[in-house]
Amino acid sequence: PFNIDVMPVELGSFDVIIGMDWLAKYYALIVCDEKVVRIPYENKVYLAQVTSKKDKDKSEEKRLEDVPIVREFLEVFPKNLPGLPPARQVEFQIHLVPGAAPVARAPYRLAPAEMQELSTQL
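Each residue of the sequence shown is one higher than the one before, starting from 15 at the first, in the numbering used here.
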């Protein structure tokens, strides 16, 4: 039911990184203590299986440069990706209060064009 093309990238200790958009789209359930991701589909539950395929023609192999946004800003990407950043001594996080609503406050004064853009984006 799910056919996903992925690109191999050195990720250190991670096997794969799945985006939140994809997980939300398929209502995936992450079970941390079992270290599994369950994906419901047509009243069944699937477990992900990662396999590699052998390409006979290396010219068809996916490359990072094939991603449109990467191609557009190629000069900012290093030739060899260094992997994930090292663990920091202090990790930044924001603790949210469950059920708390966002602060209802008027934004600072904007020019009419900026206000129109803000209205469009919200």
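Cβ atoms here follow ideal geometry from the backbone N, Cα and C, with glycine treated the same way.
As assigned by DSSP and simplified to three states, the class of leucine 37 = For the purposes of this step, residue 37 is taken as residue 23 along the sequence shown, with counting starting at 1. If DSSP states are grouped into helix, strand and coil, leucine 37 belongs with the helices.
Per-residue DSSP class, three states only, for arginine 52 = Working through the sequence shown from its first residue, we reach residue 52 at position 38. Strand, per DSSP.
Rounded C-alpha distance that separates glycine 33 from leucine 124 | Here residue 33 refers to the residue found at position 19 of the sequence shown. Here residue 124 refers to the residue found at position 110 of the sequence shown. A straight line joining the alpha-carbon of glycine 33 with that of leucine 124 spans about 34 Å.
Is isoleucine 83 buried or exposed, if buried means 16 or more other CB atoms sit within 10 Å of its CB?
-> In the sequence shown, counting from the first residue as 1, residue 83 sits at position 69. It counts as exposed.
Helix, strand or coil for valine 45, going by three-state DSSP, please let me know.
-> Walking along the sequence shown from the start, residue 45 turns up at place 31. Strand at valine 45.
Going by Cα to Cα distance, which pick from Glu105, Pro100, Gln130 is closest to serine 27?
-> For the purposes of this step, residue 27 is taken as the residue at position 13 of the sequence shown. Per the Cα distances, Pro100.
Does the distance from the CB of alanine 38 to the CB of isoleucine 53 come in under 7 Å?
-> The count along the sequence shown starts at 1 and reaches residue 38 at position 24. The count along the sequence shown starts at 1 and reaches residue 53 at position 39. Taking 7 Å as the Cβ cut-off, alanine 38 and isoleucine 53 do not qualify as a contacting pair.
Have a look at lysine 58 and isoleucine 31 and give me their C-alpha separation to the nearest angstrom.
-> For the purposes of this step, residue 58 is taken as the residue at position 44 of the sequence shown. For the purposes of this step, residue 31 is taken as the residue at position 17 of the sequence shown. Between lysine 58 and isoleucine 31, the C-alpha separation is close to 23 Å.
Reference glutamate 56, options Pro92, Tyr40, Asp47, closest by Cα = Translated into the one-based positions of the sequence shown, residue 56 becomes position 42. For the residues Pro92, Tyr40, Asp47, the minimum Cα distance to glutamate 56 belongs to Tyr40.
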